[in-house]
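**Student:** I am attaching a structure below and will ask some questions about it afterwards.
2 protein chains.
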Amino acid sequence: MKFTLLHRDGNARAGIISTDRGEVPTPIFMPVGTQGAVKAIEPRELEEVGARIILGNTYHLYLRPGTKVIEAAGGLHRFSGWDHPILTDSGGYQVFSLSELRDLTEEGVQFKSHLDGSLHLFTPEKVVDIQRSLGSDIMMVLDECTPYPCDEGYAARSGAMTLRWAERCRVHAARTGLPESQSMFAIVQGSVYESLREQSARALTHMEFDGYAIGGLSVGEPEHLMYRMTEVCTAILPAERPRYLMGVGTPENILESIERGVDMFDCVLPTRNGRNAVLFTREGKLNMRNAASAFDFSPPDPGCSCYTCRHFTRAYLRHLFKSREILALQLATIHNLTFYLWLVQSAREAILQDSYAGWKSRVLEGFSAQATEAS
Amino acid sequence: MKFTLLHRDGNARAGIISTDRGEVPTPIFMPVGTQGAVKAIEPRELEEVGARIILGNTYHLYLRPGTKVIEAAGGLHRFSGWDHPILTDSGGYQVFSLSELRDLTEEGVQFKSHLDGSLHLFTPEKVVDIQRSLGSDIMMVLDECTPYPCDEGYAARSGAMTLRWAERCRVHAARTGLPESQSMFAIVQGSVYESLREQSARALTHMEFDGYAIGGLSVGEPEHLMYRMTEVCTAILPAERPRYLMGVGTPENILESIERGVDMFDCVLPTRNGRNAVLFTREGKLNMRNAASAFDFSPPDPGCSCYTCRHFTRAYLRHLFKSREILALQLATIHNLTFYLWLVQSAREAILQDSYAGWKSRVLEGFSAQATEAS
Chain A
3 MKFTLLHRDG NARAGIISTD RGEVPTPIFM PVGTQGAVKA IEPRELEEVG
53 ARIILGNTYH LYLRPGTKVI EAAGGLHRFS GWDHPILTDS GGYQVFSLSE
103 LRDLTEEGVQ FKSHLDGSLH LFTPEKVVDI QRSLGSDIMM VLDECTPYPC
153 DEGYAARSGA MTLRWAERCR VHAARTGLPE SQSMFAIVQG SVYESLREQS
203 ARALTHMEFD GYAIGGLSVG EPEHLMYRMT EVCTAILPAE RPRYLMGVGT
253 PENILESIER GVDMFDCVLP TRNGRNAVLF TREGKLNMRN AASAFDFSPP
303 DPGCSCYTCR HFTRAYLRHL FKSREILALQ LATIHNLTFY LWLVQSAREA
353 ILQDSYAGWK SRVLEGFSAQ ATEAS
Chain B
3 MKFTLLHRDG NARAGIISTD RGEVPTPIFM PVGTQGAVKA IEPRELEEVG
53 ARIILGNTYH LYLRPGTKVI EAAGGLHRFS GWDHPILTDS GGYQVFSLSE
103 LRDLTEEGVQ FKSHLDGSLH LFTPEKVVDI QRSLGSDIMM VLDECTPYPC
153 DEGYAARSGA MTLRWAERCR VHAARTGLPE SQSMFAIVQG SVYESLREQS
203 ARALTHMEFD GYAIGGLSVG EPEHLMYRMT EVCTAILPAE RPRYLMGVGT
253 PENILESIER GVDMFDCVLP TRNGRNAVLF TREGKLNMRN AASAFDFSPP
303 DPGCSCYTCR HFTRAYLRHL FKSREILALQ LATIHNLTFY LWLVQSAREA
353 ILQDSYAGWK SRVLEGFSAQ ATEAS
């Protein structure tokens, strides 16, 4: 993997991540394909909406279908029919949020599967091996994602262990040899404590990873703290490596974080909100179940050129949601992902034209127009 | 609407139904779009799988979103984004199968909505008016679909009333003027009684409808009776009008009925079975949840050229179904509808080549190969 920083506009960056499976323009949003599929959308439609890289979840894929099936298929790309880049998380986040009976030690984290209660151990070395089996283009180190709130003492001890785990991942990858096509990102932790974030970012920078994620945010903390922690990290992280803000976020969050130097994002919001009838539009969120749409034969987002907006009306989408038609989920997902990809593509163009701040203000202003309609 | 009978091979027929919205080659299978959408598939994908005409349900669309919304949208085609032909049923079948509190009189049938318990009356005249609002290319008369078993006395009285209702539909359409683009099919009833079927088919033929459906079959009666009733009807119905066997059926049922002179079919089997993980293949039904597929990286149906079979494996589909991914429903629906449309298209080619009987035997032989795997 190679990262080319093309241009800066303030702290906002436009670049290109080059992988064996294609180039990814940054800033970029990665649709979430938890179980080897982005929910309610086909791989060919992911291409159509502008997705260039998607995310897979190690925790889920390890438990089902399991690495044996995916290895036999020739890796996650061939298994899932997506031959563009894939980033896999380390499974750490899901171990802490989904599984029961977590036993966290220096060695790693033992957990009980949320599917069948079976016991498993994730160590830094093991998650590297699993992600090697998956064949992801970008793999993540194992980390502990601290909850919010989290006292400083715990955050410090956890952050220190996350650093030792990152080093173990790096050493294991070096020792066992990772395919040229696979790169590894570290994850900055430290909860909402500036000094801990700084320590983490510095230490990881010294270890020289291919890229750096900022983890443990968007877990319930106030937005101003998310933005503050983000800028603390990006001020330290090396300019020549991509920065990935994990699990973020709303369109507003993404624009604010791009302004603070973030290059990559992933979030379930566009897909999950879509399935819950909430569409993101240039004029804010639109709840398709609202009666206001019953006789509204305009497109969900008149400024959008996606399949959904070109062919269907608000009235029809409302009918599909009220009637619990699966097509509602498909059309909403197509639109919301198109919107998110449009957002980062447009941000990129604005950065390249040194007009990011003004563009961002205009876009955010537009969002407030229909804010009252959102669910 | 114009029907051109191109060729006969025995009693099997190849033809073309010409409508203002395009030509429909027959024999044809019509995917079922109950609520203004075929479940789990986009209109552009319906075109891709070879659908040329789809079915809409008057009962459902009348209750939700209601004719006012669909009229305001400019008709069902514009509302749903499907600009090829649509056939709408009369709602009779759903009144008897879904609604509560049916009060059947000579005037019509009063029923309570399955959605909100509201009371409604369907008369022959009213269902014509509703279907006029929907703007369907082919509308159906109101009928009573008798259950199975049904004693001969009831079937006779019901069949006689269905004839009177058909005449009322015809008269109402003539009196109020139906757009040139809309045609009307009558429905032969008579349960499993040959003489009643003959009476019904003769009487309706005299009334001169644009096409003729055979209703009240595939409701639980033995298959040999379905086939017998079908051939009794097709022997009487006018050769120069299309014949439509309502709600049928399995691939075997369709091939047997084509051999008996049927031109049109609709059924929820391919879409519903697909959503239940059962795929139709050239080698019989395949339950995608079976463990046998866990490491099977071949396409669901190696002879099929649909999007699903070109890009995905049995192992992946099994994983999607086990993981309850919506994509499973989408991919299975695409395949099953492609299969059904392939079946009728191939039947048509065989008829045109005077080789229907031999082709049918070979296809049916193929189906038995994996029959034991079906759910």
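One line per chain: the protein sequences are A and B, in this order.
Quick note, the first sequence lines up with residues 3 to 377 if you use our numbering.
Quick note, the second sequence lines up with residues 3 to 377 if you use our numbering.
Ideal Cβ positions, reconstructed from N, Cα and C, are used throughout, including at glycine.
Would you say LYS362 of chain B reaches chain A, if we count a Cβ-Cβ gap shorter than 7 Å as a contact?
**Tutor:** For LYS362 of chain B, the answer is no, since every Cβ of chain A falls outside 7 Å of its Cβ.
**Student:** For THR90 of chain B, list the residues DSSP reports as bridge partners.
**Tutor:** B:GLY58, B:MET141, per the DSSP bridge assignment.
**Student:** Tell me which same chain residues have a C-beta within less than 6 Å of the C-beta of THR90 of chain B, skipping the five on either side of it?
**Tutor:** Closer than 6 Å at Cβ, skipping near neighbours: GLY58, THR60, GLN133, LEU136, SER138, MET141.
**Student:** Across which residues does DSSP place ASP85 of chain B in a beta bridge pair?
**Tutor:** According to DSSP, ASP85 of chain B bridges with nothing at all.
**Student:** Leaving out five residues on either side along the sequence, give the residues of the same chain with a beta carbon under 6 Å from the beta carbon of ALA42 of chain B.
**Tutor:** So the list reads LEU331, GLN332, THR335, once near-sequence residues are dropped.
**Student:** For chain A, check one thing: does any of its Cβ atoms lie closer than 7 Å to the Cβ of GLU50 of chain B?
**Tutor:** It does not: the Cβ of GLU50 of chain B has no partner Cβ on chain A nearer than 7 Å.
**Student:** Taking only heavy atoms of the ligand COA into account, decide whether any of them is closer than 6 Å to the Cβ of ALA158 of chain B.
**Tutor:** Questions concerning the ligand COA fall outside what the structure shown contains, since it holds no ligand whatsoever.
**Student:** Could you give the distance in angstroms between the alpha-carbon of THR125 of chain A and the alpha-carbon of LEU144 of chain A?
**Tutor:** Cα to Cα, THR125 of chain A sits roughly 7 Å from LEU144 of chain A.
**Student:** Is the segment 190-209 of chain A close to the segment 233-242 of chain A, with three or more CB pairs under 8 Å?
**Tutor:** Because the criterion of three Cβ pairs below 8 Å is met, the segment 190-209 of chain A and the segment 233-242 of chain A touch.
**Student:** At a Cβ threshold of 7 Å, is ILE132 of chain B touching chain A?
**Tutor:** False, the Cβ-Cβ gap to chain A never drops below 7 Å.
**Student:** Report the neighbours of ALA349 of chain A on chain B: residues whose CB is nearer than 7 Å to its CB, in chain order.
**Tutor:** Within chain B, no residue comes near ALA349 of chain A; the closest Cβ sits about 29 Å away, beyond 7 Å.
**Student:** Considering ASP131 of chain A, what are the terminal residues of the alpha helix (DSSP H) in which it resides?
**Tutor:** Taken as a continuous stretch (DSSP letters only), the alpha helix (DSSP H) holding ASP131 of chain A covers 126-136.
**Student:** Helix or strand or just coil, what does DSSP make of LYS41 of chain A?
**Tutor:** Correct three-state label for LYS41 of chain A: coil.
**Student:** Under a CB-based cut-off of 7 Å, is PHE299 of chain B close to chain A?
**Tutor:** Yes - at least one Cβ of chain A is within 7 Å of the one on PHE299 of chain B.
**Student:** Using a threshold of 7 Å, state whether the C-beta atoms of LEU78 of chain A and LEU117 of chain A are closer than that.
**Tutor:** No, Cβ-Cβ distance for LEU78 of chain A and LEU117 of chain A is not below 7 Å.
**Student:** How about ARG199 of chain A and CYS152 of chain A: do their beta carbons lie closer than 7 Å?
**Tutor:** Not a contact, by the Cβ cut-off of 7 Å.
**Student:** Sort A:ARG320, A:ARG277, A:TYR229 by Cα distance to ALA39 of chain B and report the nearest one.
**Tutor:** Nearest option by C-alpha distance: A:ARG320.
**Student:** In chain order, what residues of the same chain lie with their CB nearer than 6 Å to the CB of TRP361 of chain A, ignoring the 5 residues before and after it?
**Tutor:** Contacts found: ALA352.
**Student:** Specify, as a first and last residue, the run of the alpha helix (DSSP H) that VAL194 of chain B falls within.
**Tutor:** No alpha helix (DSSP H) contains VAL194 of chain B, which DSSP labels as neither H nor E.
**Student:** Count the CB pairs spanning the segment 212-224 of chain B and the segment 300-309 of chain B that are closer than 8 Å, and state whether there are at least three.
**Tutor:** Verdict: no, contact absent.
**Student:** Please classify LYS4 of chain B as buried or exposed, where buried requires at least 16 neighbouring CB atoms within 10 angstroms.
**Tutor:** Result: exposed.
**Student:** Quick one: residues in its chain with C-beta nearer than 6 Å to the C-beta of THR374 of chain A, no 5 flanking neighbours on either side, listed in chain order?
**Tutor:** Note that THR374 of chain A has pLDDT 48, beneath the 50 cutoff, so the model's placement of it is unreliable and the number below is only indicative. Excluding residues within five positions, none has a Cβ falling inside 6 Å.
**Student:** Is the Cβ of ILE328 of chain B closer than 7 Å to any Cβ of chain A?
**Tutor:** So yes, ILE328 of chain B belongs to the interface.
**Student:** Looking at C-alpha atoms only, which residue of B:LEU100, B:THR273, B:ARG291, B:ARG104 is the closest neighbour of LEU329 of chain A?
**Tutor:** Here the closest residue by C-alpha is B:THR273.
**Student:** Where do the N-terminal and C-terminal ends of the beta strand (DSSP E) with MET248 of chain B fall, by residue?
**Tutor:** First-last for MET248 of chain B: undefined, no H or E at that position.
**Student:** Should SER377 of chain A be labelled buried (16 or more other beta-carbon atoms within 10 Å of its own) or exposed?
**Tutor:** Note on SER377 of chain A: pLDDT 42, under 50, position unreliable in the model; no value is reported.
**Student:** Would you mind reading off the limits of the alpha helix (DSSP H) that contains SER160 of chain B?
**Tutor:** Counting along the chain, the alpha helix (DSSP H) containing SER160 of chain B begins and ends at 154-178.
**Student:** My output table needs one value for ASN255 of chain B: the three-state DSSP class, helix, strand or coil.
**Tutor:** If DSSP states are grouped into helix, strand and coil, ASN255 of chain B belongs with the helices.
**Student:** Measuring straight from C-alpha to C-alpha, what distance separates GLU127 of chain B and GLY251 of chain B?
**Tutor:** So the two alpha carbons sit approximately 29 Å from each other.
**Student:** Terminal residues of the continuous beta strand (DSSP E) containing GLU392 of chain B?
**Tutor:** The structure shown does not extend to residue 392 of chain B, since chain B is modelled only from 3 to 377, so the question has no answer here.
**Student:** Entirely within the segment 274-318 of chain A and at least 3 residues each: give me those beta strand (DSSP E) ranges in chain order.
**Tutor:** 280-283, 286-289, all fully within the segment 274-318 of chain A.
**Student:** Less than 7 Å between the C-beta atoms of LEU343 of chain A and VAL51 of chain A, yes or no?
**Tutor:** For LEU343 of chain A and VAL51 of chain A, yes; Cβs fall inside 7 Å.
**Student:** Report back the beta-carbon spacing between ALA188 of chain B and PHE211 of chain B to the nearest angstrom; my notes put them in contact at under 8 Å.
**Tutor:** Between PHE211 of chain B and ALA188 of chain B the Cβ distance is about 4 Å, and since that is below 8 Å, they are a contact.
**Student:** Excluding the 5 residues preceding and the 5 following MET32 of chain B in the sequence, name in chain order all residues of the same chain whose CB lies nearer than 8 Å to its CB.
**Tutor:** Cβ neighbours of MET32 of chain B beyond the five flanking positions: ALA53, ILE55, ILE56, LEU57, LEU89, MET266, PHE267, ASP268.
**Student:** What is the residue span of the alpha helix (DSSP H) that GLY368 of chain A lies within?
**Tutor:** 358-369 is the extent of the alpha helix (DSSP H) around GLY368 of chain A.
**Student:** Looking at ALA14 of chain B: is its Cβ nearer than 7 Å to the Cβ of TYR358 of chain B?
**Tutor:** Yes.
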